[in-house]
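Residue numbers (the numbering used here): 831 to 927. Just so it is clear, CB atoms sit at the ideal spot from N, CA and C, and this is done for glycine as well. Here's the structure, in structure tokens; my notes come after.
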């Protein structure tokens with residue numbers, strides 16, 4: 831991960847919609863305009879990659895790699911979005927603001 835990349839780890843049985851809900855809250859919060867002074871404001875572009883795996887099959891290295899790849903899928907598709915990867919069911923979904 832680079833200097834502008836973060837990891838959020840959620841434990842437990844968390845469904846896709848809950849993951850997207852958390853991701854959307856983070857996205858909206860970070861996309862809020864930032865006052866730079868002198869009447870100047872700017873926003874931060876955010877790309878969020880989410881990966882899930884059941885606790886029975888979870889391997890931290892694969893989970894982190896999958897989330898990193900998911901984040902780059904968002905960046906490739908235009909940023910300001912979320913890409914979700916379910917490693918157990920091999921399903922993928924993206925959402926953008």
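Worksheet item: According to DSSP, what are the bridge partners of residue 922?
Response: 915
Practice prompt. Measure the alpha-carbon distance for residue 887 versus residue 926 and round it to whole angstroms.
Written response: 29 Å
Discussion item. Is it buried or exposed, residue 853, if we count other Cβ atoms within 10 angstroms and call 16 or more buried?
Written reply: buried
Practice prompt. Go to residue 882, then tell me how far its beta strand (DSSP E) extends in each direction, as first and last residue.
Written response: 877–882
Worksheet item: For residue 894, which option in 907, 857, 882 and 922 has the closest C-alpha, if you only look at C-alpha atoms?
Response: 882
Item to complete: Report back the beta-carbon spacing between residue 910 and residue 838 to the nearest angstrom; my notes put them in contact at under 8 Å.
Response: The Cβ separation is near 17 Å, so there is no contact.
Worksheet item: How would you call residue 876, buried or exposed, if buried means at least 16 neighbouring beta carbons within 10 angstroms?
Response: buried
Worksheet entry | Endpoints, the beta strand (DSSP E) within which residue 867 is located | 864–867
Discussion item. For residue 871, list the residues DSSP reports as bridge partners.
Written reply: 865
Worksheet item: If you draw a straight line from the C-alpha of residue 913 to the C-alpha of residue 920, how long is it?
Response: 13 Å
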